[in-house]
Amino acid sequence: MAFKPKIPIALLLLTSLLAICAGLALAMQDPELKQCKHQCRHQRQFDEQEKEQCQRSCDEYHREKKAQERAERRRSEEGSSREERYEEEELGGEHEEENPYVFEDEDFETRVRTDEGRIQVLEKFTKRSKLLRGIENFRVAILEANPHTFISPAHFDAELVLFVAKGRATITTVREEKRENFNVEQGDIMRIPAGTPVYLINRDENEKLYIVKILRPVSVPGHFEAFHASGGEDAESFYRGFSWEVLEAALKTRRDQLEKLFGKQTQGVIIKASKEQIRSMSQHEETPPRIWPFGGDSTHPFNLFHKRPSQSNQFGRLYETDPNECKQLQDLDLMVSFANITKGSMAGPYYNSRATKISVVVEGEGYFEMACPHLSSSGSRGQREGSGSSRRRSRSGPTYQQIRGRLRPGMVFVAPAGHPVAVIASRNKNLQVLCFEVNAQGNIRFPLAGKNNIVNEFEREAKELAFNFPAREVEKIFRNQDQEFFFPGPSRQPEEGDRAFE
Ligand SMILES: [Cu+2]
């Protein structure tokens, strides 16, 4: 306790020292810049204004040169530190020509990989384009683990919501002297508060465990880290961040004993467990019936599929958490939903009034289409490569880029607020999509086709004036589809290798 008041003073000293250093660096000009400015000042044919302008162009040239040097240095430095990688990620938004809404395998970073599974983290949403700034502080991660495995204890500097997409797990959390075990299964959603120690097992003997997580970092916006209690091949124990002297004193144990414990290399973060270990760790009272709506206990998992679907017909089924009922997700302003689109059918078109939807394909194949005004108007930005396509129309007013992307399991795509979107399942398999909706409070889904579509609500006169078409004709078209939200899909689907996807 006696040290406490001294820390702010030390910090103050350090920051003022840093400020002085920064000032000095500014004062010491690059000799080339100095020379450039000198020449400007001594150009006889220049008047004062021209001299000033000349000096400004020196500054500009200098700034560009420095930026280029920095970028080059960053590229050449292999094995860069986390901090440098953070910085690099912050630089995102320079490659707007690519489709910034679709993410594939290569856009994930593998943080953990052992023989028994892996943890992959999706790149920052703004790495490719600043258009996704609105969800910059959310990250998506996917955990895959083989049957009968143990995922070592860790905590995160992020609020975490997980969804069990496949398999059966037992998740254990520690909250102030209290250990809680939860048996979870497909469809379960669980909130894990930032900093909570957590470990889990895949308790199934045959099925792989597949968990999708969304994280909201609390310490470095947009970035999160795992802090592992025990070390392994692919991660180090955070205890190793202390000197042996401190550990000896804190744990009241001799160094040679500690070295044996912490120096031991385990097989990593995801490891095989024996049948007996699994049996013993998953033997808890079955998680009490998940009542809906649930209140009270804020960390208790609940199952999305035990709720009545909010949309359901032969073309698909939509399950979603209600932001007003769902206490666990409320402070994150988050909603979770799951769409099972029947093969050959589609969801939408519709748009979300204020939520930006992050979708993860769990099963099946298909594609999505979205209208985006951001990528349409300016020249080459509209053209992009990868799994999406571009179709630009020549028009002087606002036009909408038709964003299109093929969907396969493990892919992530984003539909920002206000953007009309439709998701289409392939003809041979249902398409199952898990969605996290950010900015869920007060969000309204506006259908653009089918029952209750927005155009049907317009007045007759408005229909006539807006479409320059007899209201009767407009109504005929917009009332033709009597299904809601899920519809039969297009009769012709783009083929693999279709130019639209090249
Ligand atoms: Cu857009």
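In the working numbering, the protein residues as written are 25 to 526. Where a beta carbon is used, it is the ideal one built from N, C-alpha and C, also for glycine.
Our two residues, residue 511 and residue 158, have alpha carbons roughly 30 Å apart in a direct line. DSSP assignment within the stretch 341-378 yields the following whole alpha helix (DSSP H) runs of 4 residues or more, N-terminal first: 351-354.
Counting along the chain, no beta strand (DSSP E) covers residue 139, and no H or E run does either. Distance from residue 57 to residue 82 at the Cβ level is roughly 6 Å; contact confirmed, criterion being Cβ atoms closer than 8 Å.
In the three-state scheme derived from DSSP, where H, G and I count as helix and E and B as strand, residue 182 is classed as strand.
Three or more Cβ pairs closer than 8 Å define a contact, and the stretch 204-212 falls short of that threshold against the stretch 127-135.
In the three-state reduction of the DSSP assignment, residue 468 falls in the coil class.
The C-beta separation of residue 261 from residue 273 comes to about 18 Å, leaving the pair out of contact by the 8 Å criterion. The residue among 153, 86 and 144 with its C-alpha nearest the C-alpha of residue 166 is 144. In this structure the stretch 221-232 touches the stretch 178-189; the number of beta carbon pairs closer than 8 Å is three or more. Of all residues, those with a beta-carbon under 5 Å from at least one heavy atom of ligand 1 are 396 and 398, reported in chain order. Contact check for residue 358 and residue 464: beta-carbon distance about 6 Å, within the 8 Å limit, so the pair qualifies. Boundaries of the beta strand (DSSP E) around residue 207: 202-208.
Going by beta carbons, residue 258 and residue 136 fall inside the 8 Å limit.
Between residue 237 and residue 170, the beta carbon gap of about 18 Å keeps them out of contact (Cβ cut-off 8 Å). Counting C-beta atoms within 10 angstroms of its own C-beta, residue 197 has 16 or more neighbours from the protein chains shown and is therefore classed as buried.
In this chain, the beta strand (DSSP E) harbouring residue 222 covers 222-226. Around the Cβ of residue 234, a 10 Å sphere holds 16 or more other Cβ atoms; the residue is buried. For the pair of segments examined, the stretch 418-437 was found not to touch the stretch 463-477: the number of CB pairs separated by less than 8 Å stays below three.
Our two residues, residue 226 and residue 277, have alpha carbons roughly 33 Å apart in a direct line. Shown here for residue 132: same chain residues with a beta carbon closer than 6 Å to its own, the five before and five after excluded, namely 144 and 146 in chain order.
With 16 or more other Cβ atoms inside 10 Å of its own Cβ, residue 339 counts as buried.
Burial is judged here by how many other beta carbons sit within 10 angstroms of a residue's own beta carbon; residue 325 has at least 16 and is buried.
Residue 393 sits in a strand when the DSSP states are folded into three classes.
Counting C-beta atoms within 10 angstroms of its own C-beta, residue 329 has fewer than 16 neighbours from the protein chains shown and is therefore classed as exposed. Taking C-beta atoms as the reference points, residue 369 and residue 461 fail to come closer than 8 Å.
In the same chain as residue 212, and ignoring 5 residues on each side of it, the C-beta atoms closer than 6 Å to its own belong to 188, 325 and 327, in chain order. Looking at the DSSP output, residue 133 shares a beta bridge with 145. Taking a contact as a CB-CB distance under 8 Å, the pair residue 194 and residue 298 does not count as one, their CB atoms being some 15 Å apart. Residue 251 places its beta carbon 8 Å or farther from that of residue 239. For residue 504, no alpha helix (DSSP H) run applies, since DSSP gives it neither H nor E.
Taking the CA atoms as reference points, residue 458 sits about 10 Å from residue 381.
If you keep only unbroken alpha helix (DSSP H) runs of at least 4 residues inside the stretch 268-296, you get 268-275 and 279-286. DSSP places residue 154 outside any beta strand (DSSP E), giving it a letter other than H or E. Counting along the chain, no alpha helix (DSSP H) covers residue 435, and no H or E run does either.
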